[in-house]
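Residue numbers (our numbering): 10 to 105.
Down below is the structure, laid out as structure tokens.
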């Protein structure tokens, strides 16, 4: 299944949560932090302005982004966990 987000929504594939600490302690699933970064896999056309034009989205497919811990909606598509966020829920784009 393929997702085509609407308006200023963005589909993100979250990065994998760390399973061990820096000291080598293995963390159970319940103690792992939710990832707050991921890769953009789909982008909507942008928010519709009062003038009828679309406001372009600031991120594109393949960009690495940071987002709020509890923002967006988590869903499963074709066996993969993805997150759907509004553009305003993205905090920053990771530059490499």
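For glycine and all other residues, C-beta sits at the position ideal for the given N, C-alpha and C.
Residues sharing a beta bridge with residue i, DSSP
{"i": "residue 52", "result": "19"}
{"i": "residue 96", "result": "Answer by DSSP bridge pairing: none, since residue 96 is not bridged."}
{"i": "residue 90", "result": "85"}
Own chain partners of residue i with C-beta closer than 7 Å, once the 5 adjacent residues on each side are dropped
{"i": "residue 64", "result": "55, 56 and 58"}
{"i": "residue 80", "result": "94 and 98"}
{"i": "residue 90", "result": "23 and 83"}
Neighbourhood of residue i by C-beta, 6 Å cutoff - its chain only, sequence neighbours within 5 removed
{"i": "residue 83", "result": "92"}
{"i": "residue 14", "result": "20, 51 and 53"}
Check whether residue i and residue j have beta carbons under 8 Å apart
{"i": "residue 70", "j": "residue 12", "result": "no"}
{"i": "residue 102", "j": "residue 72", "result": "yes"}
Residue i: CB within 7 Å of a non-hydrogen atom of the ligand COA
{"i": "residue 95", "result": "Among the components modelled here there is no ligand, and therefore nothing to report on the ligand COA."}
Through-space distance from residue j to residue i, alpha-carbon basis
{"i": "residue 22", "j": "residue 62", "result": "29 Å"}
{"i": "residue 49", "j": "residue 32", "result": "31 Å"}
{"i": "residue 75", "j": "residue 68", "result": "11 Å"}
{"i": "residue 100", "j": "residue 16", "result": "18 Å"}
{"i": "residue 25", "j": "residue 66", "result": "25 Å"}
8 Å CB neighbourhood of residue i in its chain, flanking five on each side removed
{"i": "residue 77", "result": "45, 98 and 100"}
{"i": "residue 47", "result": "21, 22, 23, 24, 73, 74, 76 and 92"}
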